[in-house]
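Take a look at the structure below.
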Amino acid sequence: SQQGEEDPQALSIQEGENATMNCSYKTSINNLQWYRQNSGRGLVHLILIRSNEREKHSGRLRVTLDTSKKSSSLLITASRAADTASYFCATDKTGANNLFFGTGTRLTVIP
Amino acid sequence: SQTIHQWPATLVQPVGSPLSLECTVEGTSNPNLYWYRQAAGRGLQLLFYSVGIGQISSEVPQNLSASRPQDRQFILSSKKLLLSDSGFYLCACSAAQREKLFFGSGTQLSVL
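Keeping their order, the protein sequence lines are chains Y and H. Count along the first sequence from 1, add 620, and you get the number used in the numbering used here. Count along the second sequence from 1, add 273, and you get the number used in the numbering used here.
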């Protein structure tokens, strides 16, 4: 399946620490996106990185993409309790019309 | 930017009853519209998407159907709900396929 797989499934850190989440996928993509979901709410788009990009930053977020390894990582620096949420990667597939979501990483930031 | 209105927030329905979930979009015209379902603790499964009025593509054969009667209105329906239809349903829109999605706040459906 094209669906991305996030790793780890759950991550618990202290406030102020950095959090790193990984995503692996199986086939060629045009872009990869990261989303955040607070419990019981809709997803919020964080960042989109295209297949010809290797790294992208947005505030405390840093995303890398390695198309040779078919993997991406999301780094949240100086984490805050408000960063507690589930984080999903979503990939498209060359030739397909839609996004495919992974099962997510549940991040808990302890104050 | 886009705003997606999705209701109701929670819904409890008996098996065999009909379903109608509505989603409307503001702040954009001719959006791509999507219905996703999320099982507890899982990722999102795409159910339907639409690139225009009356144009519906189904990703997964199932008990559900979708309609787009107006440019910014997307409806998810069922004639007879099954227990397996329980889940968190999310409506989303995008300006173009494979680009970033804007999500509604979701409907938690429990079929009993």
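Positions of the beta carbon are idealized from the N, C-alpha and C atoms, including for glycine. Computed from a prediction, not measured in an experiment: that's the story for all the values here.
| Item | Value |
| --- | --- |
| Top-ranked residue by Cα proximity to residue 628/Y, from 634/Y, 639/Y, 635/Y | 639/Y |
| 7 Å Cβ cutoff met for residue 663/Y and residue 321/H | no |
| C-alpha distance - residue 622/Y paired with residue 654/Y, whole-angstrom precision | Low confidence applies to residue 622/Y: its pLDDT is 48, below 50, so where it sits in the model is not reliable enough to give any reading. |
| Closer than 7 Å to chain Y by CB, residue 352/H | no |
| Chain-ordered neighbours of residue 723/Y on chain H, where CB pairs are closer than 7 Å | 315, 316 |
| Three-way DSSP call (helix, strand, coil) for residue 719/Y in this model | coil |
| Chain H contact for residue 662/Y (CB, 7 Å cutoff) | yes |
| Any C-beta of chain H under 7 Å from that of residue 666/Y | no |
| Cβ neighbours of residue 645/Y in the same chain (closer than 6 Å, five flanking residues each side left out) | 624, 690, 711 |
| Where residue 712/Y meets chain H, residues with beta-carbon distance less than 7 Å | 371 |
| Cβ-Cβ separation, residue 294/H to residue 309/H (assumed contact under 8 Å), whole Å | That pair is no contact at about 12 Å. |
| Neighbour flag for residue 718/Y against chain H, beta carbons, 7 Å | yes |
| 7 Å Cβ cutoff, residue 379/H in contact with chain Y | yes |
| 8 Å contact criterion, which residue 681/Y and residue 694/Y should meet: CB distance rounded | 7 Å |
| Inter-residue spacing [alpha-carbon to alpha-carbon] between residue 730/Y and residue 659/Y | 16 Å |
| Cross-chain neighbours of residue 651/Y in chain H, by beta carbon under 7 Å | 371 |
| Sequence-distant residues of the same chain with beta carbon closer than 7 Å to residue 274/H, five excluded per side | 300 |
| For residue 281/H and residue 292/H, the rounded distance between their alpha carbons | 11 Å |
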